[in-house]
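Visitor: If you're matching positions, the sequence shown starts at 1 in full-length UniProt numbering and goes up one per residue.
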Amino acid sequence: MMIDLTTDSCSDLSREIIQNRNIRVLPLQVFINNQNLKDGEVTPQQLFKLVEESGNLPKTAAPSIAEFAEFFKTPGETIYIGISSKLSATVPNSILALELLDKEKKVYIIDSLNLSTGIGLLVLKAADLRDAGWSAPEITEEIQRWVPKVRTSFIIDTMEYLYKGGRCTALQAIVGSVLKIRPIIEVRSDGTLGVKEKIRGGRMKGLNSMLEDFKSHLPNVDPTRVFVTHTGCDEDAAYLVEEIRKTGAVEEILVTTAGATISSHCGPNTIGILFMVK
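1) Looking only at its own chain, which residues have a Cβ that is under 6 Å from the Cβ of Leu113, when we skip the five neighbours before and after it?
2) Looking only at its own chain, which residues have a Cβ that is under 7 Å from the Cβ of residue 279, when we skip the five neighbours before and after it?
3) Can you tell me the Cα-Cα spacing of Leu124 and Arg21, whole angstroms?
4) Once DSSP output is grouped into helix, strand and coil, what is the label at Met276?
5) Examine the Cβ distances between the stretch 264-273 and the stretch 150-159 and report whether three or more of them are shorter than 8 Å.
6) Starting from Gly206, follow the beta strand (DSSP E) in both directions and report where the run begins and ends.
7) Can you round the beta-carbon distance between Phe71 and Leu101 to whole angstroms, since I take them to be within the 8 Å contact cut?
8) Going by alpha carbons, who is nearest to Thr152 out of Gln29, His230, Lys59, Leu26?
9) Can you have a look at Glu186 and say buried or exposed, based on whether 16 or more other CB atoms are within 10 angstroms of its CB?
10) Locate the beta strand (DSSP E) running through Asn220, then write down its first and last residues.
11) Start and end of the alpha helix (DSSP H) containing Val123?
12) To the nearest whole angstrom, what separates the beta carbons of Ile143 and Ile110, a pair I think is in contact under 8 Å?
13) Taking the beta strand (DSSP E) that Glu53 falls in, what are its first and last residues?
14) Quick one: which unbroken alpha helix (DSSP H) runs of 4-plus residues sit fully inside the stretch 73-117? Chain order, please.
15) Measuring straight from C-alpha to C-alpha, what distance separates Lys215 and Lys180?
16) Could you pull the start and end residues of the beta strand (DSSP E) that Thr229 belongs to?
17) For Tyr80 versus Thr6, is the C-beta spacing smaller than 8 Å?
18) Alpha carbon to alpha carbon, how far is Phe275 from Thr43?
19) Alpha carbon to alpha carbon, how far is Ile184 from Ser54? Give it in angstroms, no decimals.
20) Taking the C-alpha atoms as reference points, what is the distance between residue 352 and Leu207?
21) List the whole-angstrom C-beta distance separating Val250 from Pro223, where the pair is believed to meet the contact cut-off of C-beta under 8 Å.
22) Check the C-beta distance from Glu77 over to Ala136 and give it rounded, since I have them as a contact under 8 Å.
23) When burial is assigned at 16 or more other CB atoms within 10 Å of the CB, is Pro75 buried or exposed?
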């Protein structure tokens, strides 16, 4: 029986990956400057330009229950892996949508308790299992086992977006700017966001701190793949990729650009290393 593997646009998977691995994606909505855009239709640079012009941060909205019900109307069994239920109403809406489906339709919903390519790692692990012939219930059980093994952290260049998004105070933003503090944000085990470290000084110090954190998990890092995800800092991404490659611990290093969700909350020059531990 065909397994329909799905996720939402917060997974930040590139179009190439989505097409090559036969994954369907349901976009979130992005509202800015009286425009209603689909997440994935706007690049981080376009988004930052709109923020600059309006002075307002974009607002994001989860797909509606009706949208999920329509999205799930496909032949065979569906697996949906979504953004942390602590960060968005997306997964809760997907669960409510099940009541609108025929009783014969089987949908397996997994709360990633993560965001960005932290979700993407789980989706691609599920694709590996699907392609290896695993059943939908087997894949779901195995992916649930991997959920707490994802490690997601990002370094943020400016606290302005965190302040505008209500995630830090004006004083923290001002002090952060004056002292050139760059916070490293992590996804906690309960699916919420927290400040992992406050880096004072140059940006390279922050990049190297993330690299040291990655190396501290060796040799327990899942060697299958690692993501470097960013909001438009290609040189930093290239540096991280090269340093990760030097460890010889990973078979595949994937570089992706973050979508509207990460971009709107973290701002320009945000970059992260995302991986799983065994």
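Cβ coordinates follow ideal geometry from the N, Cα and C atoms, glycine included.
Remember, predicted model here, so these are calculated numbers, not experimental data.
Guide: Straight from the coordinates:
1) Position 113 of the sequence shown holds residue 113. Result list for Leu113: Ser84, Val147, Gly191, in chain order.
2) This structure gives no information on residue 279, because the portion of the chain shown stretches from 1 to 278.
3) Counting from 1 along the sequence shown, the entry for residue 124 is found at position 124. Counting from 1 along the sequence shown, the entry for residue 21 is found at position 21. Roughly 8 Å separates the two Cα atoms.
4) Within the sequence shown, residue 276 is the residue found at index 276, counting from 1. Strand, per DSSP.
5) yes
6) Sequence index remark: in the sequence shown, residue 206 carries index 206 (1-based). From DSSP, Gly206 is part of no beta strand (DSSP E) but of the alpha helix (DSSP H) over 203-216.
7) By 1-based counting over the sequence shown, the position of residue 71 is 71. By 1-based counting over the sequence shown, the position of residue 101 is 101. Not a contact, Cβ separation roughly 10 Å.
8) Counted from its first residue, the sequence shown places residue 152 at position 152. Of Gln29, His230, Lys59, Leu26, the residue nearest in Cα terms is His230.
9) In the sequence shown, counting from the first residue as 1, residue 186 sits at position 186. The residue in question, Glu186, is buried, as its Cβ has 16 or more Cβ neighbours within 10 Å.
10) On the sequence shown, residue 220 is found 220 positions in, with the first residue counted as 1. Here Asn220 belongs to no beta strand (DSSP E), and DSSP marks it neither H nor E.
11) Position 123 of the sequence shown, counted from the start, is the residue given in the question as residue 123. Unbroken alpha helix (DSSP H) run through Val123: 117-131.
12) By 1-based counting over the sequence shown, the position of residue 143 is 143. By 1-based counting over the sequence shown, the position of residue 110 is 110. The pair is a contact, with the Cβ atoms about 5 Å apart (cut-off 8 Å).
13) For the purposes of this step, residue 53 is taken as residue 53 along the sequence shown, with counting starting at 1. In the DSSP annotation of this structure, Glu53 is not part of any beta strand (DSSP E); the continuous alpha helix (DSSP H) holding it starts and ends at 44-54.
14) 90-97
15) In the sequence shown, the residue the question calls residue 215 occupies position 215. In the sequence shown, the residue the question calls residue 180 occupies position 180. Approximately 25 Å between the Cα atoms of the pair.
16) To locate residue 229, count along the sequence shown from 1; it is residue 229. Its beta strand (DSSP E) spans residues 226-230.
17) As a working mapping, residue 80 is identified with position 80 in the sequence shown. As a working mapping, residue 6 is identified with position 6 in the sequence shown. Yes.
18) Numbered from 1 along the sequence shown, position 275 holds the residue referred to as residue 275. Numbered from 1 along the sequence shown, position 43 holds the residue referred to as residue 43. Cα-Cα distance, rounded: 24 Å.
19) Reading the sequence shown from its first residue, position 54 is the one you call residue 54. Reading the sequence shown from its first residue, position 184 is the one you call residue 184. Their Cα atoms are separated by approximately 27 Å.
20) Summary: the structure shown does not reach residue 352, with the chain confined to residues 1 through 278, and so no result is reported for it.
21) For the purposes of this step, residue 250 is taken as residue 250 along the sequence shown, with counting starting at 1. For the purposes of this step, residue 223 is taken as residue 223 along the sequence shown, with counting starting at 1. Right, their Cβ atoms sit about 6 Å apart.
22) As a first step, residue 77 is located in the sequence shown; it is residue number 77 there, counting from the start. As a first step, residue 136 is located in the sequence shown; it is residue number 136 there, counting from the start. The C-beta separation of Glu77 from Ala136 comes to about 4 Å, placing the pair in contact by the 8 Å criterion.
23) What you label residue 75 is simply residue 75 of the sequence shown in a count that begins at 1. Looking at its Cβ environment, which holds fewer than 16 other Cβ atoms inside 10 Å, Pro75 is exposed.
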